[in-house]
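Line by line, the protein sequences are chains A and B. Here numbering that gives the first Met the number 0 is used: position 154 in the first sequence is 153, and no number is missing along the way. Here numbering that gives the first Met the number 0 is used: position 131 in the second sequence is 130, and no number is missing along the way. Read the structure below first, then the notes.
2 protein chains.
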Amino acid sequence: MSTKSANREPTLVDVAKVAGVSRATASRVINGVATVDQAMVKAVQEAVKVTGYTPNSAARSLVSGKTGSIALVLSGSDGSAEQVFGDPFFGRIAGGVVKHLSTEGIHPLLVLADSDEARAKAVAFVRKGGADGALLVSTHADDALPGQFVEEGLPAVLFARPGRPTPISFVDLDHDKGAALAAERLVGRGCRNVATISGPSAVLAARDREQGFRQAMAQHGRPYVPVAIGNFTRESGELAMMRLLRDHPDLDGVFVANDLMAEGALQVLRDHGRRVPEDVAVVGFDDSLPARQAEPGLTTIAQPLEEMSAEMARLLLARIADPTIEPTSVIFAPRLVVRQSA
Amino acid sequence: MSTKSANREPTLVDVAKVAGVSRATASRVINGVATVDQAMVKAVQEAVKVTGYTPNSAARSLVSGKTGSIALVLSGSDGSAEQVFGDPFFGRIAGGVVKHLSTEGIHPLLVLADSDEARAKAVAFVRKGGADGALLVSTHADDALPGQFVEEGLPAVLFARPGRPTPISFVDLDHDKGAALAAERLVGRGCRNVATISGPSAVLAARDREQGFRQAMAQHGRPYVPVAIGNFTRESGELAMMRLLRDHPDLDGVFVANDLMAEGALQVLRDHGRRVPEDVAVVGFDDSLPARQAEPGLTTIAQPLEEMSAEMARLLLARIADPTIEPTSVIFAPRLVVRQSA
DNA sequence: GTGAAAGCGCTAACAC
DNA sequence: GTGTTAGCGCTTTCAC
Chain A
0 MSTKSANREP
10 TLVDVAKVAG
20 VSRATASRVI
30 NGVATVDQAM
40 VKAVQEAVKV
50 TGYTPNSAAR
60 SLVSGKTGSI
70 ALVLSGSDGS
80 AEQVFGDPFF
90 GRIAGGVVKH
100 LSTEGIHPLL
110 VLADSDEARA
120 KAVAFVRKGG
130 ADGALLVSTH
140 ADDALPGQFV
150 EEGLPAVLFA
160 RPGRPTPISF
170 VDLDHDKGAA
180 LAAERLVGRG
190 CRNVATISGP
200 SAVLAARDRE
210 QGFRQAMAQH
220 GRPYVPVAIG
230 NFTRESGELA
240 MMRLLRDHPD
250 LDGVFVANDL
260 MAEGALQVLR
270 DHGRRVPEDV
280 AVVGFDDSLP
290 ARQAEPGLTT
300 IAQPLEEMSA
310 EMARLLLARI
320 ADPTIEPTSV
330 IFAPRLVVRQ
340 SA
Chain B
0 MSTKSANREP
10 TLVDVAKVAG
20 VSRATASRVI
30 NGVATVDQAM
40 VKAVQEAVKV
50 TGYTPNSAAR
60 SLVSGKTGSI
70 ALVLSGSDGS
80 AEQVFGDPFF
90 GRIAGGVVKH
100 LSTEGIHPLL
110 VLADSDEARA
120 KAVAFVRKGG
130 ADGALLVSTH
140 ADDALPGQFV
150 EEGLPAVLFA
160 RPGRPTPISF
170 VDLDHDKGAA
180 LAAERLVGRG
190 CRNVATISGP
200 SAVLAARDRE
210 QGFRQAMAQH
220 GRPYVPVAIG
230 NFTRESGELA
240 MMRLLRDHPD
250 LDGVFVANDL
260 MAEGALQVLR
270 DHGRRVPEDV
280 AVVGFDDSLP
290 ARQAEPGLTT
300 IAQPLEEMSA
310 EMARLLLARI
320 ADPTIEPTSV
330 IFAPRLVVRQ
340 SA
């Protein structure tokens, strides 16, 4: 009912008034500037509590040029939107990012870049100050987006290393190591005729896994490894397995580049009367939810997606805080998860 | 090299200068105010193109009190973060939201509210102007979040109707109708002993589906329908199916409240030597990716998640634009997808 | 160490 | 119908 002070949010002047200091000093305390008298610091902190003050981020952005928010950009081939969001793989990444950022009190902006136009808009969005930086998750190695961010000098961090050498920070998995783990498991259990089902060559991870696997097998004295190519879907896994079975009927072990395809392979194996793992051992990759529920349980290579995403966020925040730091990459170690299939 | 005009982004003054009008007029044109001379409109539009001007959103927010962004809040039981994000169900909702909002040039803020503290923060975030409104996706019917938003008078729209009657807009599926579709299918193919596997009673959709199914079956002259309760996971579906089989060995049809549990049920049936659909017909719910890939293909009830999410976004935007509009609910029709299992 | 004042880019009265 | 002007809430020189 009083004339002044309606129901508006408290501002810095309110805090300053209550604390008996100037706006400037209140601002200093709130932003943790060291050169302030202890007594005033106390007074301001008290006033903040009393008034329930929270900084107005629009006003802050206006003067500082920063928004305090970051974009999570999902970049894929045209129209891959639904596919991307339906994939728990991205869900886990998003979860890791959100969870880590929450602790910093910041919420990522979800940006979909599933066309060249959308990608251009995403870059423009960040350049115009829509976000202080971007977390980039691409489905393809030849994605132009990372390059565009680098060119514009915009802070960005990638999930998975870039297709072309690019001065940009990223997190990735040691795919070679993962493939080697699979090779050891297969060789270790006595498989003599081992093949692999790989993913599309446009996906770096697929190339890495296949190559890593070949290399590891070669070191175990098996330089020849038949391969069938799928596209990471379950159906393609079935098809690949059928081809493998037709061309190499004596096969007794197979490394599949992701769990979804491994599931398809498992089914084809069953349909063809091969027992798993007795007749044919199977090792997948990802440790996805379906993998855990497959029948028989799928032995697979797990990657710490949540931790990788958290690190990705950390790298970006560091880069935003200090734009001069050099691009950094953090490689995570995979882990063999033994279930029934191998 | 010129003294003025460094590499800064163009502002409204630049546009005004180029167009030969005042800032105010430029602003009017950009915001589509009608009372402006056509000649000046042209001039300003031209100037915008020439300068490459884009409004500074921080400045806009500061004066308007609106941010132009909206929050997508995922609310679940404590620590359900990873579960939520691993679930393609949420992925599809997020996808629908992002896709629709992209066309409006706005990117949703991903907010995780998986604890009471996080929920309080989410409300505070919006109240403080972090977003103009919120899209709420809850995993539980007794979620307090919707009520909190309503209390504070904050614009919000729910996915699925609220647990308690609450004056809030929402989109939902006609679960009764979906369950009835399933009942018809089962009865239509001649099943005589039909049971159902329901979800946790804390989930409204589970209750609705079970009740709708009972009702429809009653109308077909089958007032008695055995039920087993699961919790929407595959394992719980297996367990429920085992119980059903033990207590009702002559069962020849089952309606399962979601696809994940249906998968588990399918496997148990196979393990017990029951042929699907010859011995036992199975109808699921959701038309999830796994459903499409199950073996045999799962006959199920599909819900148009992407369209529902888009509508949710639309409702929120409308509410933000005009806070006086009454809460609205939009109910979507389910669809029977026939595959092999029934 | 502290305060006064300028101004970030924009919109909305208010005059003309 | 158009321009002038006063802020929105904050940070940050710049004097003291």
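All C-beta atoms in this analysis are idealised placements derived from N, C-alpha and C, irrespective of residue type, glycine included.
Run down chain B in chain order and give the residues with a C-beta less than 7 Å from the C-beta of residue i.
i: A/S60; result: A57
i: A/S235; result: Per Cβ cutoff of 7 Å: no residues; A/S235 is ~12 Å from chain B at best.
i: A/Q266; result: E294
i: A/T53; result: K127
As a quick exercise: from the options, pick the residue whose alpha carbon is nearest that of residue i.
i: B/C190; options: B/A181, B/D258, B/S26 and B/V43; result: B/A181
i: A/V156; options: A/V329, A/M311, A/Q339 and A/R338; result: A/M311
i: B/A133; options: B/A227, B/P107 and B/T102; result: B/P107
i: A/D348; options: A/E237, A/T34, A/G283 and A/G64; result: There is simply no residue 348 of chain A to check, as chain A begins at 0 and stops at 341 in what is shown.
i: B/G129; options: B/G104, B/I92, B/D142 and B/S56; result: B/S56
i: B/E305; options: B/E103, B/F212 and B/G94; result: B/G94
i: A/L335; options: A/V170, A/V62, A/P322 and A/A301; result: A/A301
i: B/V279; options: B/Q266, B/S287 and B/A290; result: B/Q266
i: A/S74; options: B/F88, B/G67, B/V97 and B/R59; result: B/V97
i: B/D142; options: B/E8, B/A159 and B/S101; result: B/A159
i: A/A15; options: A/K41, A/R7, A/A46 and A/T34; result: A/A46
i: B/D13; options: B/I324, B/R184, B/K48 and B/K41; result: B/K48
i: B/F124; options: A/I105, A/V186, A/G229 and A/A309; result: A/I105
i: B/F231; options: B/L244, B/F88, B/R273 and B/R126; result: B/F88
i: B/D249; options: B/L268, B/V255 and B/E262; result: B/L268
i: A/P333; options: A/A261, A/A204, A/D246 and A/P322; result: A/A204
i: A/F212; options: A/V255, A/L243, A/R188 and A/D246; result: A/V255
For residue i, is the classification buried or exposed, using 16 other Cβ atoms within 10 angstroms of its Cβ as the cut-off for buried?
i: A/S168; result: buried
i: B/R22; result: exposed
i: B/Y223; result: exposed
i: B/K3; result: Note that B/K3 scores a pLDDT of 41, beneath 50, so its modelled location is shaky and nothing firm can be said.
i: A/G90; result: buried
i: A/G85; result: buried
i: A/V251; result: For clarity, residue 251 of chain A is Asp in the given sequence; the question names Val instead. The residue is buried, with at least 16 neighbouring Cβ atoms inside 10 Å.
i: B/Q37; result: exposed
i: A/V17; result: buried
i: B/A320; result: exposed
i: B/E103; result: exposed
i: B/E116; result: exposed
Check the Cβ of residue i against every Cβ in chain B and list those closer than 9 Å, keeping chain order.
i: A/V97; result: L73, A80, F84, L109, V110 and L111
i: A/A93; result: F84, G90, A93 and L109
i: A/T298; result: Residues of chain B passing the Cβ test: none, with the nearest at roughly 19 Å.
i: A/T10; result: Here the premise fails: no neighbours, minimum Cβ distance about 12 Å.
i: A/T66; result: S56 and A57
Taking 6 Å as the limit between beta carbons, can you name the residues of its chain near residue i, skipping five residues before and five after?
i: A/V226; result: T195 and S197
i: B/E340; result: Inspection of the sequence shows that residue 340 of chain B is occupied by Ser rather than by Glu. The answer, listed in chain order, is V275, P276, V281, P295, L297 and T298.
i: B/V72; result: V110, A112, A121, A133 and L135
i: B/F331; result: L172, P303 and M307
i: A/D285; result: N257 and D258
i: A/V43; result: A18, A25 and V28
List, in order along the chain, the chain A residues whose C-beta lies closer than 8 Å to that of residue i?
i: B/H106; result: A70, L108, L109, V110, F124 and G129
i: B/A293; result: Correct list: empty, because the minimum Cβ distance to chain A is about 10 Å.
List, in order along the chain, the chain B residues whose C-beta lies closer than 8 Å to that of residue i?
i: A/R334; result: Simply none; closest approach about 17 Å.
Would you mind telling me which residues of chain A sit closer than 7 Å to residue i, beta carbon to beta carbon, in chain order?
i: B/L288; result: G85
Looking only at its own chain, which residues have a Cβ that is under 8 Å from the Cβ of residue i, when we skip the five neighbours before and after it?
i: A/L315; result: I69, G132, A133, L134, P154, A155, V156 and S168
i: B/D207; result: H174, D175 and A178
i: A/S1; result: The pLDDT assigned to A/S1 is 40, lower than 50, so where the model puts this residue is not dependable; a value taken from the coordinates is nonetheless given after this. Here the set comprises nothing.
i: B/T10; result: Y52 and N55
i: A/T165; result: P145, G146 and V149
i: A/T66; result: S56, S60, G128, G129, A130 and D131
Mind listing the chain A neighbours of residue i? Cutoff is C-beta to C-beta under 9 Å, in chain order.
i: B/A117; result: S101
Who are the near neighbours of residue i in its chain, counting only those whose CB is closer than 7 Å to its CB and skipping five residues on each side?
i: A/T327; result: S168 and L314
i: B/S200; result: R206
i: A/I324; result: A317 and R318
Does at least one heavy atom of the ligand SAM sit under 8 Å from the Cβ of residue i?
i: A/I105; result: This structure lacks the ligand SAM, and indeed carries no ligand of any kind.
Review point. Does the segment 143–155 of chain B touch the segment 18–36 of chain A, meaning 3 or more C-beta pairs lie closer than 8 Å?
Key: With the cut-off at 8 Å, the segment 18–36 of chain A and the segment 143–155 of chain B do not touch.
**Study point:** Stretch pair the segment 209–221 of chain B + the segment 235–247 of chain B: three plus CB contacts closer than 8 Å
**Key:** Contact fails: fewer than three Cβ-Cβ distances are below 8 Å.
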